[in-house]
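> Quick one: structure below, then a few questions.
Chains as they are written, first to last, in this note's numbering: chain X, 191 to 557; chain A, 2 to 645.
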């Protein structure tokens, strides 16, 4: 009993709060300097999106996730042990409840967020966006001169020996080798003959993955085996002949199906006179879906929201004399969480400040 | 007895009023002299010229502002050899040879002067004549530096590249009317061609003079093109050669700044400089009239005819107005000219500096009136400071903070207001000292950023949102001001405690002030960071991205929470809290300037290389101060810092 009491006392201790905050400080400073050499993505993975990481490959150090969990427990235990509602404590209560909600909400939303990019030329339309942070294998089967899509498969959890589920009868596909970053060699992009692994870059978008797949088929005509070299930078699918069938396999950035179709009508870039500095850029698009069909203007600081989806103006590019507008697409069913919790924390701080300092803090100071 | 006391009080009050009146009169005379100071001396008054509108970096601004920005960029100063920036630029544009010896190029590193073969000067400013003679060496060194990666540039390389850039810009400015100068490059060496074109043989000719014969040259060129290659005479060859040299000259001086004339035919909104105009003036009558009025301005300036000068400038401005396209708007320069003349931040800085000096002296000498004088100067300073911020907001139609320069100006303003509030609450004399020191220092730091170009520059697309600029940047600047104010009072508390540890009552009052201001800083940093997250969500599609600037703000919040919770848990006492507040200022400066020096992330638009060394020195000084405090106070009373 005494042990549990001591445990709760320690969990609710303000000293633990201070130590946790100090650890977060260390991670933030370290992570910021780490970005200079390794980029934001690597810093995020190592310090802020991890439970633990190893210093010099040996000494474990808590990542932000572990510290946040301890901090959340500390906050809840502290609230349970010390909380007694009084008007003067309302501000403190709001600040802490807002912080707990922010931590829980952020953890929850990290599982639900989907980020992708949609690049369109003027006049072009699409309901599929690209998830540049993910790679997928796309399978197409060539039958009677026609191509049929035979499925997509995310490569994140693939490793040598794993069999990829494939819904066409009789064909089995397994992974012989997977490289996170590699170079391809062969007579043409269609015909890659070998893959050579190279050093993995810290910035994820600089890595081009490659796969060696074993494709087997067994039917009445016999059993067939083929090896396919699939490279992310090939630009065209690899042709894999197996028996009478031909499979087209490509390794491409992940795709994401949107609930609406977006058509870029016009992209406008306004510059400050006599300069090439953008004053604003915006895209006039037609959004069509089951519930709407209208024109929308998406510009910097003015996104378009549809249900849990938000479309942002990110950038633009010129290709072959045509302008392409790039929109970021974020699906976040709980995007109100930081707004709501932020407002609760701000109100709490304001109340506490007014109560503590403006009302009672300097009482009697004026002579 | 009572009457005697009252008389004594009245006498003291009258004395104070007389003192304030005297100071007020001095300040008024000083401001008035600055507002009315213009072009006394031998030179013609160029005040009218200052109203001409120039298009630079997307903003239409008076020539007066353009001149000030250029002079600060070149020399780091607002005046040169007793001339105002406008007088100087008038000289450069209209009579460039007279400006050749103005010491305007600031070279801080004496090694650069050594490498260029010029004698290093104590004032570190060199003239065009000096640098022009060393331009070959300068180009060589700059080319070598440019071969390196930007991050590998040494301080020497940076200074060389900066000097070359400034020299090039100056050269273009002084070449504004160079089409009027006869040059041997364009001389005609063929006698029959010289007769045909009505030019003297083997004599220097100006580009403008040749341009007046452009019709004849063009006709002759057409005839030559119809001839066979075998029938081209030496005269034809000389004409082709002359046309080529004219073309080369036109290309090399395509359209240098300052850009003074709107060009409705230009789709990207570019304006014409004088060379751009001279190549168009034959084709359009309005452009021709504009060219003539510019030449009249020059002639009047050179002949010292004030009346004709003013009339020509007026005529030029009218002609410019006629050429502005319907969608463009020409700004009224009156308010900006007033702002330039008022120079509010320089005056506020001087007033704060004086206030700091007087307040510190009054503390050291126990001179009570000194404190009142200091406070009065602070009030005069804050009026100037506020006027400056409001004027900028009206001129630019923007919120008060849009760039690094303005963050310092605004944070200084907020810190001074905090000091005035402390004074109003009568917490010793810390209010005046806090206001004076922060006001002076931060306006001074802002001045360092003014050298990077127009402080009223146009906003890039992502920042072009008045709502978010107001909510996020203003609140985060208030947060910075709070932390800095608390840090400064923290310094006062620690020094006071080291000198007079038994002055418990005053120390308690000062500590309360630290707590209040520190909390104010934390409050606004949290609010500002939250607003920043919301803005990032609107603009970039994510609330938080672990960008260095975001991390800097988070670090400030975490530090605030650590100090407050450490005090609540009893881990630190009042002195520890004061030390935490002092450390907070180090974190503010690191988050404010330091993260820009990392050069990564989406917020690195505020990057300037200047100040990195100053920041390091400041951080080291604070660390030394805290270590000394800790040793001294620990020796006196260990339990005052850390709880046991």
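Just so it is clear, CB atoms sit at the ideal spot from N, CA and C, and this is done for glycine as well.
Under the assumption that residue 151 (chain X) contacts residue 542 (chain A) (Cβ atoms under 8 Å), give the Cβ distance between them as a whole number of angstroms.
This structure cannot speak to residue 151 (chain X), because chain X is shown only from 191 to 557.
> In angstroms, rounded to a whole number, what distance separates the CA positions of residue 439 (chain X) and residue 549 (chain A)?
Position 249 of the first chain, counted from the start, is the residue given in the question as residue 439 (chain X). Position 548 of the second chain, counted from the start, is the residue given in the question as residue 549 (chain A). Spanning the two alpha carbons is a distance of roughly 41 Å.
> Who are the near neighbours of residue 584 (chain A) in its chain, counting only those whose CB is closer than 6 Å to its CB and skipping five residues on each side?
Sequence index remark: in the second chain, residue 584 (chain A) carries index 583 (1-based). Same-chain partners within the cutoff: there are none.
> Where do the N-terminal and C-terminal ends of the alpha helix (DSSP H) with residue 197 (chain A) fall, by residue?
As a position in the second chain, residue 197 (chain A) is number 196, starting the count at 1. Per DSSP, residue 197 (chain A) belongs to the alpha helix (DSSP H) from 192 to 198.
> Suppose only complete runs of 3+ residues qualify. What are the beta strand (DSSP E) ranges in the stretch 353 to 393 of chain X, listed by chain order?
361 to 369, 372 to 378, 381 to 387
> Please report the residue range of the beta strand (DSSP E) in which residue 578 (chain X) lies.
For chain X, the structure presents residues 191 to 557; residue 578 (chain X) sits outside this window and is missing.
> I'd like to know whether the C-beta atoms of residue 59 (chain A) and residue 465 (chain X) end up nearer to each other than 7 Å.
Mapped onto the second chain, residue 59 (chain A) falls at position 58. Mapped onto the first chain, residue 465 (chain X) falls at position 275. In this structure, the beta-carbon distance from residue 59 (chain A) to residue 465 (chain X) falls below 7 Å.
> What separation, rounded to the nearest whole angstrom, lies between the Cα atoms of residue 241 (chain A) and residue 211 (chain A)?
For the purposes of this step, residue 241 (chain A) is taken as residue 240 along the second chain, with counting starting at 1. For the purposes of this step, residue 211 (chain A) is taken as residue 210 along the second chain, with counting starting at 1. Spanning the two alpha carbons is a distance of roughly 14 Å.
> Use the C-beta contact count for residue 346 (chain X): other C-beta atoms within 10 angstroms, 16 or more gives buried, fewer gives exposed.
Taking the first residue of the first chain as position 1, residue 346 (chain X) is located at position 156. Flag for residue 346 (chain X) reads exposed.
> How should residue 414 (chain A) be labelled, buried or exposed, when 16 other C-beta atoms within 10 angstroms of its C-beta is the threshold for buried?
In the second chain, residue 414 (chain A) corresponds to position 413, counting from 1. The residue is buried, with at least 16 neighbouring Cβ atoms inside 10 Å.
> Does any CB atom of chain A fall closer than 7 Å to the CB of residue 204 (chain X)?
Sequence index remark: in the first chain, residue 204 (chain X) carries index 14 (1-based). Yes - at least one Cβ of chain A is within 7 Å of the one on residue 204 (chain X).
> Is residue 254 (chain A) buried or exposed, if buried means 16 or more other CB atoms sit within 10 Å of its CB?
For the purposes of this step, residue 254 (chain A) is identified with residue 253 of the second chain, where counting begins at 1. Buried, since its Cβ has 16 or more Cβ neighbours within 10 Å.
> Could you name the residues of the stretch 522 to 538 of chain X whose beta carbon sits closer than 7 Å to any beta carbon of chain A, in the order they occur along the chain?
528, 529, 532, 535, 536
> Which complete alpha helix (DSSP H) runs does the stretch 439 to 504 of chain A hold, if anything under 4 residues is left out?
476 to 500
> What first and last residue would you give for the beta strand (DSSP E) that runs through residue 442 (chain X)?
Numbered from 1 along the first chain, position 252 holds the residue referred to as residue 442 (chain X). According to the DSSP assignment, residue 442 (chain X) belongs to the beta strand (DSSP E) that extends over 435 to 461.
> On the criterion of 16 or more Cβ atoms from any shown chain inside 10 Å, does residue 521 (chain X) qualify as buried, or is it exposed?
Here residue 521 (chain X) refers to the residue found at position 331 of the first chain. It is buried - the Cβ of residue 521 (chain X) has at least 16 other Cβ atoms within 10 Å.
> Can you tell me where the beta strand (DSSP E) holding residue 343 (chain X) begins and where it ends?
On the first chain, position 153 is the one that residue 343 (chain X) refers to. Run containing residue 343 (chain X): 336 to 344, per the beta strand (DSSP E) assignment.
> Using beta carbons (cut-off 7 Å, strictly below), is residue 449 (chain X) in contact with chain A?
The residue labelled residue 449 (chain X) in the question sits at position 259 within the first chain. By this cut-off, residue 449 (chain X) is not an interface position.
> Give me the DSSP bridge partner(s) of residue 503 (chain X).
One-based indexing of the first chain puts residue 503 (chain X) at position 313. Residue 503 (chain X) pairs with X:517.
> Residues of the stretch 226 to 242 of chain X with a CB closer than 7 Å to any CB of chain A: list them in chain order, please.
226, 230, 233, 234, 238
> Once the 5 residues before and after residue 473 (chain A) are set aside, which same chain residues still bring their CB inside 7 Å of it?
By one-based count along the second chain, residue 473 (chain A) stands at place 472. If we look at residue 473 (chain A) and ignore the five residues flanking it on each side, its Cβ neighbours are 529, 532, 533, 536.
> The stretch 307 to 323 of chain X: which residues have C-beta closer than 9 Å to a C-beta of chain A, in chain order?
none
> Whole angstroms are fine: how far does the CA of residue 284 (chain X) sit from the CA of residue 274 (chain X)?
Your numbering for residue 274 (chain X) matches position 84 in the first chain. Your numbering for residue 284 (chain X) matches position 94 in the first chain. Straight-line spacing of the CA atoms in residue 274 (chain X) and residue 284 (chain X) works out to 13 Å.
> Near residue 262 (chain A), what residues of its chain come up, given a Cβ to Cβ distance below 7 Å and the 5 sequence neighbours on each side ignored?
Numbered from 1 along the second chain, position 261 holds the residue referred to as residue 262 (chain A). Cβ contact annotation for residue 262 (chain A) (same chain, cutoff 7 Å, sequence separation greater than five): 272, 273, 278, 291, 321, 324, in chain order.
> Output yes or no for whether 7 Å exceeds the beta carbon distance between residue 421 (chain X) and residue 444 (chain X).
Position 231 of the first chain, counted from the first residue, corresponds to residue 421 (chain X). Position 254 of the first chain, counted from the first residue, corresponds to residue 444 (chain X). The answer is no: Cβ separation not under 7 Å.
> Using a C-beta to C-beta distance shorter than 9 Å, which residues of chain X count as neighbours of residue 270 (chain A)?
Numbered from 1 along the second chain, position 269 holds the residue referred to as residue 270 (chain A). Ordered by position in chain X, the residues that pass the 9 Å Cβ test against residue 270 (chain A) are 461, 462, 463, 464, 465.
> Could you tell me which of A:493, A:48, A:233 sits nearest to residue 313 (chain A), measuring between CA atoms?
Numbered from 1 along the second chain, position 312 holds the residue referred to as residue 313 (chain A). Nearest option by C-alpha distance: A:48.
> By alpha-carbon positions, which one of X:426, X:418, X:389, X:434 ends up nearest to residue 411 (chain X)?
As a working mapping, residue 411 (chain X) is identified with position 221 in the first chain. It is X:434 whose Cα lies nearest to the Cα of residue 411 (chain X).
> According to DSSP, is residue 544 (chain X) helix, strand or coil?
Residue 544 (chain X) sits at position 354 when you count from the first residue of the first chain. If DSSP states are grouped into helix, strand and coil, residue 544 (chain X) belongs with the helices.
> May I ask you to report which of helix, strand or coil DSSP gives residue 144 (chain A)?
Looking up residue 144 (chain A) in the second chain gives position 143. Of the three classes helix, strand and coil, the one that applies to residue 144 (chain A) here is helix, per DSSP.
> Can you grab the Cα-Cα spacing for the pair residue 371 (chain A) / residue 357 (chain A), in whole Å?
Here residue 371 (chain A) refers to the residue found at position 370 when the second chain is read from its first residue. Here residue 357 (chain A) refers to the residue found at position 356 when the second chain is read from its first residue. Near 10 Å, if we compare the C-alpha coordinates of residue 357 (chain A) and residue 371 (chain A).
> Is the distance from the Cβ of residue 1 (chain A) to the Cβ of residue 557 (chain A) below 7 Å?
The structure shown does not extend to residue 1 (chain A), since chain A is modelled only from 2 to 645, so the question has no answer here.
> Output the distance between the C-alpha atoms of residue 576 (chain A) and residue 199 (chain X), rounded to the nearest integer angstrom.
Indexing the second chain from 1 puts residue 576 (chain A) at position 575. Indexing the first chain from 1 puts residue 199 (chain X) at position 9. The straight-line gap from Cα to Cα measures roughly 27 Å.
> Just tell me which of X:371, X:430, X:228 has its CA closest to the CA of residue 383 (chain X).
The residue labelled residue 383 (chain X) in the question sits at position 193 within the first chain. The residue among X:371, X:430, X:228 with its C-alpha nearest the C-alpha of residue 383 (chain X) is X:430.
> Report the residue from A:444, A:218, A:189 whose alpha carbon sits nearest the alpha carbon of residue 204 (chain A).
The residue you call residue 204 (chain A) lines up with position 203 of the second chain. Of the listed residues, the one whose Cα sits closest to residue 204 (chain A) is A:189.
> Give the DSSP-derived three-state secondary structure of residue 482 (chain X) in the structure shown.
As a first step, residue 482 (chain X) must be located in the first chain, where it is residue number 292. Residue state, collapsed to three classes: coil.
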